[in-house]
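One gets this note's numbering by counting positions in the sequence shown from 1 and adding 423 to each.
Yeah, the Cβ is synthetic: ideal placement off N, Cα and C, and Gly gets one too.
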Amino acid sequence: MKPEKILYETQATATGGRDGKVENAQNNFALTLALPKELGGPGGSGTNPEQLFAAGYAACFLGAVKLVARQSRLSISDDVSVTAKVGIGPIPVGYALSVELQVSLPNIDRAFARDIVAQAHQRCPYSNATRGNIDVILTVV
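Here's what the structure looks like:
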């Protein structure tokens, strides 16, 4: 699936692999990367691609939840949140990711909250990018 028109574009450059660094073209972030102990690395204070993916997916999905709520003329509170749990593990050739999105919609009827989350999953660019590649579990908490 390709967008009809690009509305925004950015880029980031990684050097040194999982033990290197990553920075974006706008120079508003530069991060040190560290391979987690669980994957055979030293761990430490650096971040890793899975953490970056989780942060991006959580923020993007929350944006989609707010869009669906707005289109439904539903006022949602500021304490709405999305937690993205991202895992990595081996497959026969290489590695694959797992994702669970835990969505908190306080004071919203549970059935209605599930509907909002399902609609957000259809609209979120990360969900569209991963659909058919990663099984994404949606959980309303």
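Between residue 545 and residue 441, the alpha-carbon positions lie close to 31 Å from each other.
When DSSP reads this structure, residue 504 sits in a beta bridge with 527. Here residue 491 is buried, its C-beta having at least 16 other C-beta atoms within 10 Å. When secondary structure is reduced to three states using DSSP, residue 454 falls in the strand class.
Taken atom to atom, the span from the alpha-carbon of residue 429 to that of residue 547 is near 15 Å. Across the set 439, 561 and 530, the C-alpha of 530 shows the shortest separation from the C-alpha of residue 502. With a cutoff of 7 Å on beta-carbon distance, residue 543 and residue 509 are scored as not near each other. Comparing alpha-carbon positions, the option among 535, 453 and 506 lying closest to residue 437 turns out to be 453. Annotation for residue 540: the continuous alpha helix (DSSP H) segment containing it runs 533-546. The residue among 466, 448, 514 and 550 with its C-alpha nearest the C-alpha of residue 522 is 550. Beta-carbon to beta-carbon, residue 466 and residue 459 are separated by about 6 Å, close enough to satisfy the 8 Å threshold.
Going by C-alpha positions, residue 448 is about 10 Å away from residue 432.
Under DSSP, residue 560 shares a beta bridge with 523.
When the Cα atoms are used, residue 513 and residue 483 turn out to be separated by approximately 26 Å.
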